[in-house]
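A.B. asks: Structure provided below as structure tokens; questions to follow.
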Amino acid sequence: MKSTLLSRRDLDFLLFEWLKVDALTDRARYAEHDRSTFEATLDLCERLAEQRFAPHNKKSDIHDPHFDGESVQVISEVKEAIDAFNRSELLGVGMDSSVGGSQLPRVVSQAAFAYFAAANVSTFGYLLLTLANANLISRFGSRDQVNLFVKPMLAGRALGTMCLSEPDAGSSLADITTRAEPQDDGSYKLYGSKMWISGGDHDLSENIIHLVLARIPGGPGGTRGLSLFVVPKYLVNRDGALGDRNDVVLAGVNHKMGYRGTVNTVLNFGEGRFTPEGGAGAIGYLVGERHYGLRYMFHMMNEARLAVGMGATALGYTGYLKSIQYARERPQGRPLDRPGPASAQMPIIGHPDVKRMLLAQKAYAEGALGLLLYCARLVDIAASPRGDAEAAAANQLLSILTPIAKSWPSQWCLEANNLAIQVHGGCGYTREYDVEQHFRDNRLNSIHEGTHGIQGLDLLGRKVSEDRGALFERLTSVVTETIVSAIATGGEAAEMATELAAHWERLAAVSQVLVSCDNRGVALANSSLYLEAFGHIIVAWVWLQQRNVADRGEGDFYAGKRQAARYFFKYELPRTAAQLDLLEQLDRTTVEMEERWF
1 MKSTLLSRRD LDFLLFEWLK VDALTDRARY AEHDRSTFEA TLDLCERLAE QRFAPHNKKS
61 DIHDPHFDGE SVQVISEVKE AIDAFNRSEL LGVGMDSSVG GSQLPRVVSQ AAFAYFAAAN
121 VSTFGYLLLT LANANLISRF GSRDQVNLFV KPMLAGRALG TMCLSEPDAG SSLADITTRA
181 EPQDDGSYKL YGSKMWISGG DHDLSENIIH LVLARIPGGP GGTRGLSLFV VPKYLVNRDG
241 ALGDRNDVVL AGVNHKMGYR GTVNTVLNFG EGRFTPEGGA GAIGYLVGER HYGLRYMFHM
301 MNEARLAVGM GATALGYTGY LKSIQYARER PQGRPLDRPG PASAQMPIIG HPDVKRMLLA
361 QKAYAEGALG LLLYCARLVD IAASPRGDAE AAAANQLLSI LTPIAKSWPS QWCLEANNLA
421 IQVHGGCGYT REYDVEQHFR DNRLNSIHEG THGIQGLDLL GRKVSEDRGA LFERLTSVVT
481 ETIVSAIATG GEAAEMATEL AAHWERLAAV SQVLVSCDNR GVALANSSLY LEAFGHIIVA
541 WVWLQQRNVA DRGEGDFYAG KRQAARYFFK YELPRTAAQL DLLEQLDRTT VEMEERWF
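This is the structure we're talking about:
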């Protein structure tokens, strides 16, 4: 029976036929690998996801983490799944060999890890945060910090978090007030409260390694004065053994509509409940230099943004596969040419409107997966470039695509989940069917790691105009390469390419209008709309690339790819025309709305 988590056939197409990931083994960083190690990793992750993560997805949703006033209780299956993952030494597969990693290409590990997000995004959330935490400390931390904190995470003895938001700050990191007082031994004592901390407290590991943004007294105001600290739940001795409990206190647990199996916490630092030698204050260790905290944290946040996009994609994809299965098995209604009761009922997959909903899901999920894997391959190229120019080009493309890769799947793979529920009919709204939970879980991804509004401001307010438009020009060059290639093949692909070229030219013109506008408030007022239009055009580009490859194949799989590309260009890409028209007008409707009119 085919997996209803992800399509392995589609992953093979995207990785080996389109992105040619085999060629990455020609680069020094990935020379120890070949296609067999790539396929073995995919096989292992699919098996673990099916056997260890998927079975308790519903149970962890219904029996979410419980705070008894002292500690958090999590169902045993979560720890069993995490332990199985760690026994397979998967956390460090993409990390440097110098810290014990395997240097597997990110594009392969992300494809493999998508199985876990599809199977149980809540349980996998603990591991994703840990990986991002370990990557950040490995890049910016000291050798001692790597030995004391990263290696235990890779060994499965510790899990990690990121602590940014505060009750009175939220996404406005300039308003963070948590302070870090320097100590004579070079450590710091932290005092403050952090909100919405996923994985902030639990009994799933020996230790929890928090990465905390805080202010050192006397530093600059705003985001420029933020520094980054490693703050373990339990102090770690020089020999690696656990020491005293640090002054990090669980103040409460938040209960979200989705991701319910991932404990979400309020943490107090320096409350005085746990006082190691020296009195109150959570002991922390500065990562890198003072006041560079946000710069370092953005490394983790950008990785997390891509992970959120992949999580959204995986949830949309598994919902799509499950709605296909349901539509094939559910008899209802009769063909239009045989409507009488004497004829047998037909599976609902034969109804045109159901086909439309399934085709839309396919276009969203497979388009998003292609975008995220393309971005992951850019990470691989930047990590092992053939010269400075190639590294710069990869980083430019990754920078401008990241807000889209986070937000577009969070919006449109959620819509795929919505359609999956619709395909299931009344059953789709019941807990007996998975698609109800997938929708709730995926709804959170438009908030995780920054809302659509924040991503839109990043894209339009920073990335498009950065370095005098160099990032947009770089993206234009690779989009143009795809268009030229498709036009050369002729036929329908050439027609699609011509249409994409017209939309890209329009996007470029509207972008120039917005960037050149003297009134920044007006220019950015509809940045979320700009993000959505930009994202749709980018996914059309991804589909044209898939279409170019699919044209060389025969059979149902390739026919399905061509049909999905056709759908996206006929049903989805035209949406952007009206959006770009509105953006070009520099409409002031939202800006001029008075608060008292609501």
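In terms of the UniProt record's numbering, the sequence shown opens at residue 1 and continues consecutively.
A virtual CB, placed ideally from N, CA and C, is assigned to each residue, including glycine.
Small disclaimer: the values here were computed from a predicted structure and weren't measured.
With 16 as the cutoff for other CB atoms within 10 Å, does Thr177 come out buried or exposed?
C.D. replies: As a first step, residue 177 must be located in the sequence shown, where it is residue number 177. When all chains shown are included, Thr177 counts as exposed.
A.B. asks: Relative to the C-alpha of Ala119, which candidate in Leu586, Ala497, Gly218 and Asp441 has its C-alpha closest?
C.D. replies: Walking along the sequence shown from the start, residue 119 turns up at place 119. Nearest C-alpha to Ala119: Asp441.
A.B. asks: Val253 bridges to which residues according to DSSP?
C.D. replies: Sequence index remark: in the sequence shown, residue 253 carries index 253 (1-based). DSSP output for Val253 lists Thr265 as bridge partner(s).
A.B. asks: For a test of the three-state rule: what should DSSP assign to Pro232, helix, strand or coil?
C.D. replies: Here the question's residue 232 lines up with position 232 in the sequence shown. If DSSP states are grouped into helix, strand and coil, Pro232 belongs with the strands.
A.B. asks: What number of angstroms, rounded off, separates the C-alpha of Arg215 from the C-alpha of Arg260?
C.D. replies: On the sequence shown, position 215 is the one that residue 215 refers to. On the sequence shown, position 260 is the one that residue 260 refers to. When rounded, the distance between both Cα atoms is 32 Å.
A.B. asks: How far does the beta strand (DSSP E) with Asn207 in it extend, from its first residue to its last?
C.D. replies: Walking along the sequence shown from the start, residue 207 turns up at place 207. Its beta strand (DSSP E) spans residues Asn207 to Arg215.
A.B. asks: Would you grab the beta carbon distance between Ser109 and Val93 for me? Rounded to a whole angstrom, and I think it's under 8 Å.
C.D. replies: If you number the sequence shown from 1, residue 109 lands on position 109. If you number the sequence shown from 1, residue 93 lands on position 93. The pair is a contact, with the Cβ atoms about 5 Å apart (cut-off 8 Å).
A.B. asks: Distance, Cα to Cα, Val121 vs Ile324?
C.D. replies: Counted from its first residue, the sequence shown places residue 121 at position 121. Counted from its first residue, the sequence shown places residue 324 at position 324. Distance between the alpha carbons of Val121 and Ile324: 21 Å.
A.B. asks: Where Thr123 and Val308 are concerned, what is the direct C-alpha to C-alpha distance, given to the nearest angstrom?
C.D. replies: Residue numbering aside, residue 123 sits at position 123 when the sequence shown is read from its first letter. Residue numbering aside, residue 308 sits at position 308 when the sequence shown is read from its first letter. Distance from the CA atom of Thr123 to the CA atom of Val308, rounded to whole angstroms, is 14 Å.
A.B. asks: Report buried or exposed for Gln103, applying the criterion of at least 16 other Cβ atoms within 10 angstroms of its Cβ.
C.D. replies: Here residue 103 refers to the residue found at position 103 of the sequence shown. With 16 or more other Cβ atoms within 10 Å, it is buried.
A.B. asks: Assuming Gln545 and Thr482 form a contact by the criterion Cβ under 8 Å, report the distance between their Cβ atoms to the nearest whole angstrom.
C.D. replies: On the sequence shown, position 545 is the one that residue 545 refers to. On the sequence shown, position 482 is the one that residue 482 refers to. 5 Å between Cβ atoms; contact.
A.B. asks: Label Val379 either buried or exposed according to how many other C-beta atoms from any shown protein chain fall within 10 Å of its C-beta, with 16 as the threshold for buried.
C.D. replies: Walking along the sequence shown from the start, residue 379 turns up at place 379. Around the CB of Val379, 16 or more other CB atoms lie within 10 Å, so the residue is classed as buried.
A.B. asks: Which stretch, first to last residue, makes up the beta strand (DSSP E) that contains Glu594?
C.D. replies: Indexing the sequence shown from 1 puts residue 594 at position 594. No beta strand (DSSP E) contains Glu594, which DSSP labels as neither H nor E.
A.B. asks: Counting only the same chain and skipping the five closest in sequence on each side, list residues whose C-beta sits under 8 Å from that of Asn135.
C.D. replies: Against the sequence shown, residue 135 aligns to sequence position 135. Taking C-beta separations shorter than 8 Å and ignoring five residues to either side along the sequence, the partners of Asn135 in its chain run Met95, His299, Met300 and Glu303, following chain order.
A.B. asks: Roughly how far, in whole angstroms, is the beta-carbon of Leu321 from the beta-carbon of Ser7, given that I think they are within contact range, below 8 Å?
C.D. replies: Counting from 1 along the sequence shown, the entry for residue 321 is found at position 321. Counting from 1 along the sequence shown, the entry for residue 7 is found at position 7. Yes, they are in contact, since the Cβ atoms of Leu321 and Ser7 sit about 7 Å apart, within 8 Å.
A.B. asks: Where Cys427 and Glu572 are concerned, what is the direct C-alpha to C-alpha distance, given to the nearest angstrom?
C.D. replies: Walking along the sequence shown from the start, residue 427 turns up at place 427. Walking along the sequence shown from the start, residue 572 turns up at place 572. C-alpha separation (whole angstroms): 28 Å.
A.B. asks: Could you check what DSSP says for Pro182 in three-state terms: helix, strand or coil?
C.D. replies: Position 182 of the sequence shown, counted from the first residue, corresponds to residue 182. Three-state DSSP puts Pro182 in a strand.
A.B. asks: Is DSSP giving Asp83 helix, strand or coil here?
C.D. replies: For the purposes of this step, residue 83 is taken as residue 83 along the sequence shown, with counting starting at 1. Residue state, collapsed to three classes: helix.
A.B. asks: Just reading off the beta strand (DSSP E) that Ala282 is part of, what are its end residues?
C.D. replies: By 1-based counting over the sequence shown, the position of residue 282 is 282. Residues Ala282 to Leu286.
A.B. asks: Are there three or more Cβ pairs, one per stretch, closer than 8 Å when the stretch 186-202 is compared with the stretch 143-150?
C.D. replies: no
A.B. asks: Using the Cα positions of Arg29 and Val287, report the straight-line distance between them to the nearest angstrom.
C.D. replies: Residue 29 sits at position 29 when you count from the first residue of the sequence shown. Residue 287 sits at position 287 when you count from the first residue of the sequence shown. When rounded, the distance between both Cα atoms is 26 Å.
A.B. asks: Should Gly456 and Ser528 be called a contact, given that it needs their Cβ atoms to be closer than 7 Å?
C.D. replies: For the purposes of this step, residue 456 is taken as the residue at position 456 of the sequence shown. For the purposes of this step, residue 528 is taken as the residue at position 528 of the sequence shown. Against a cut-off of 7 Å, the Cβ pair of Ser528 and Gly456 comes out as a contact.
A.B. asks: Taking the alpha helix (DSSP H) that Thr318 falls in, what are its first and last residues?
C.D. replies: Looking up residue 318 in the sequence shown gives position 318. Gly293 to Glu329 is the span of the alpha helix (DSSP H), which, as asked, contains Thr318.
A.B. asks: What is the DSSP secondary structure of Ser198, counted as helix, strand or coil?
C.D. replies: The residue given as residue 198 occupies position 198 in the sequence shown. Looking at Ser198 - three-state DSSP - the assignment turns out to be strand.
A.B. asks: How far does the alpha helix (DSSP H) with Cys45 in it extend, from its first residue to its last?
C.D. replies: One-based indexing of the sequence shown puts residue 45 at position 45. Here the alpha helix (DSSP H) through Cys45 covers Arg35 to Leu48.
A.B. asks: Report all residues from its chain with a CB closer than 7 Å to the CB of Gly222; omit the five preceding and five following residues, and keep chain order.
C.D. replies: Taking the sequence shown and counting its residues from 1, the one referred to as residue 222 is at position 222. Excluding sequence neighbours, Gly222 sits near Ala174.
A.B. asks: Just the Cα atoms here: how many angstroms apart are Ser485 and Gly491?
C.D. replies: Residue 485 sits at position 485 when you count from the first residue of the sequence shown. Residue 491 sits at position 491 when you count from the first residue of the sequence shown. C-alpha separation (whole angstroms): 12 Å.
A.B. asks: Name the two residues that bound the continuous beta strand (DSSP E) containing Gly160.
C.D. replies: In the sequence shown, counting from the first residue as 1, residue 160 sits at position 160. Start and end: Ala158 to Cys163.
A.B. asks: For His536, tell me which candidate among Trp408, Leu373 and Pro232 has the shortest Cα-Cα distance.
C.D. replies: Along the sequence shown, read from residue 1 onward, the residue named residue 536 stands at position 536. Residue Trp408 is the option with its Cα nearest to His536.
A.B. asks: Can you grab the Cα-Cα spacing for the pair Asp239 / Asp144, in whole Å?
C.D. replies: If you number the sequence shown from 1, residue 239 lands on position 239. If you number the sequence shown from 1, residue 144 lands on position 144. Rounded to the nearest angstrom, the two C-alpha atoms are 11 Å apart.
A.B. asks: Mapping DSSP to helix, strand and coil, what is Asp244?
C.D. replies: The residue labelled residue 244 in the question sits at position 244 within the sequence shown. In this structure, Asp244 counts as strand in the three-state DSSP scheme.
A.B. asks: Could you check how far apart the C-beta atoms of Pro347 and Ala327 are, in whole angstroms? I think they sit under 8 Å.
C.D. replies: As a first step, residue 347 must be located in the sequence shown, where it is residue number 347. As a first step, residue 327 must be located in the sequence shown, where it is residue number 327. Confirmed, Cβ separation roughly 7 Å.
A.B. asks: What would DSSP say about Phe124, mapped onto helix, strand or coil?
C.D. replies: Along the sequence shown, read from residue 1 onward, the residue named residue 124 stands at position 124. It is helical.
A.B. asks: Please state whether DSSP places Tyr191 in a helix, a strand or coil.
C.D. replies: Translated into the one-based positions of the sequence shown, residue 191 becomes position 191. Strand, per DSSP.
A.B. asks: Can you round the beta-carbon distance between Lys463 and Ile400 to whole angstroms, since I take them to be within the 8 Å contact cut?
C.D. replies: Your numbering for residue 463 matches position 463 in the sequence shown. Your numbering for residue 400 matches position 400 in the sequence shown. The Cβ separation is near 5 Å, so the contact holds.
A.B. asks: Based on the DSSP secondary-structure assignment, which residues constitute the bridge partners of Pro55?
C.D. replies: On the sequence shown, residue 55 is found 55 positions in, with the first residue counted as 1. Note: Pro55 sits in no beta bridge, so no partner.
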